[in-house]
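Residue numbers (the numbering used here): 259 to 593.
We put the CB at the ideal spot given by N, CA and C, even for glycine.
Note that this is a predicted model, so its numbers are computed, not measured.
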């Protein structure tokens, strides 16, 4: 089930408020964590960690409801579901759906932003995307979903991004050994997989910023809850940026009137910066090492990379040491 099938603005003249029909409540109940129970229905414990809802069903039902009525509340559940069922790629597509619904001003998605009560609800709906796990009744658990994404498998052990966060915040100091192990294994994955992940992260960051921008345009200051601001997704952005940083995906934020970010891809494409060029050269070297071990190309490319940061004199010394003294004399640099 592809999120892109919902990206185009939905136009349904008979769209209804799903909160009035009870369908939104049903979706909410479907998305709740359920504590473990024994056969007679009695709760065994209060441990919710292993009691995730059936996200496939949540995805399917929210997909159906979005075809009936454009509703940001439903889109939020859809986003939470595709994060679990399709990973970062699905998450980025789910954010596309969210942005499309917000941008379609002519056919406003529920909750509307032209009345005080519904404008406040819209703010809370958007803010729920960035709510921290197990705080303030967080049903979506977006941040937790991001941390649950599996990254690599080393020595039979699967490491998720949660393991990265845990290693970074370990009492007494970061667990550097674990972090280096995960990062090394990540770097050895196929370039295509790393590139898809990097692009998905870039798109997710861009769309998250776009959602905040649209909310600022649509929800007037007087409609916001007391003490609230127009940037409720900063914790989500922080999580995405830190994940991109750890995985080696460089994110460049444009300084213009419309907040946006542009990611430098880890796969072949347009070269925009010096770092991007170096990354591309390293990929060429790795390709030849794996496919043509006897080729001299890796040696030449690796040598080129080492020369990138050198000035002319250092470059000359590396390539033709005997010529350095003559050049210094000609340039008036010799003693």
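Nearest-angstrom beta carbon gap, residue 334 and residue 386 [assumed within contact, 8 Å]: The residue labelled residue 386 in the question sits at position 128 within the chain shown. The residue labelled residue 334 in the question sits at position 76 within the chain shown. Contact holds; Cβ gap of about 6 Å.
Alpha helix (DSSP H) segment containing residue 449, residue limits: In the chain shown, counting from the first residue as 1, residue 449 sits at position 191. Where residue 449 is concerned, the enclosing alpha helix (DSSP H) stretches over 449-476.
Selection from 357, 325, 538 and 554 that minimises the alpha carbon distance to residue 476: Against the chain shown, residue 476 aligns to sequence position 218. Checked all of 357, 325, 538 and 554; the closest Cα to residue 476 is 357.
Backbone CA spacing between residue 462 and residue 580 [nearest angstrom]: Here the question's residue 462 lines up with position 204 in the chain shown. Here the question's residue 580 lines up with position 322 in the chain shown. The straight-line gap from Cα to Cα measures roughly 53 Å.
Reference residue 536, options 563, 548 and 547, closest by Cα: Looking up residue 536 in the chain shown gives position 278. It is 563.
Environment of residue 352 [buried if 16+ CB atoms lie within 10 Å]: If you number the chain shown from 1, residue 352 lands on position 94. By the neighbour-count rule (16 or more Cβ atoms within 10 Å), residue 352 is buried.
Same chain, Cβ closer than 8 Å to residue 398, neighbours up to 5 away in sequence not counted: In the chain shown, residue 398 corresponds to position 140, counting from 1. These residues qualify, in order along the chain: 289, 334, 335, 337, 338, 386, 387 and 389.
Residue 550 versus residue 543 - alpha carbon distance: Locating residue 550 in the chain shown gives position 292, where the first residue counts as 1. Locating residue 543 in the chain shown gives position 285, where the first residue counts as 1. Residue 550 and residue 543: Cα-Cα distance of roughly 10 Å.
Residue from 445, 287 and 478 whose Cα sits closest to the Cα of residue 504: Position 246 of the chain shown, counted from the start, is the residue given in the question as residue 504. Looking at the Cα atoms, 445 is the closest of the given residues.
Alpha carbon of residue 555 to alpha carbon of residue 456, nearest angstrom: For this step, residue 555 is matched to residue 297 along the chain shown. For this step, residue 456 is matched to residue 198 along the chain shown. Cα-Cα distance, rounded: 27 Å.
Inter-residue Cα distance where the pair is residue 316 and residue 496: The residue given as residue 316 occupies position 58 in the chain shown. The residue given as residue 496 occupies position 238 in the chain shown. Whole-angstrom Cα-Cα distance: 26 Å.
Beta-carbon gap between residue 422 and residue 443 smaller than 8 Å: Translated into positions along the chain shown, residue 422 becomes position 164. Translated into positions along the chain shown, residue 443 becomes position 185. No, these two residues do not count as a Cβ contact at 8 Å.
Beta-ladder partner(s) of residue 384, from DSSP: Stepping through the chain shown from its first residue, residue 384 is reached at position 126. The partner list for residue 384 (beta bridge, DSSP) is empty, contrary to what the question assumes.
Per DSSP, cross-strand counterpart(s) of residue 416: Looking up residue 416 in the chain shown gives position 158. Answer by DSSP bridge pairing, in chain order: 411.
Euclidean distance between Cα positions of residue 546 and residue 285: As a working mapping, residue 546 is identified with position 288 in the chain shown. As a working mapping, residue 285 is identified with position 27 in the chain shown. Taking the straight line joining both Cα atoms gives about 51 Å.
Inter-residue Cα distance where the pair is residue 346 and residue 560: Position 88 of the chain shown, counted from the start, is the residue given in the question as residue 346. Position 302 of the chain shown, counted from the start, is the residue given in the question as residue 560. Cα to Cα, residue 346 sits roughly 32 Å from residue 560.
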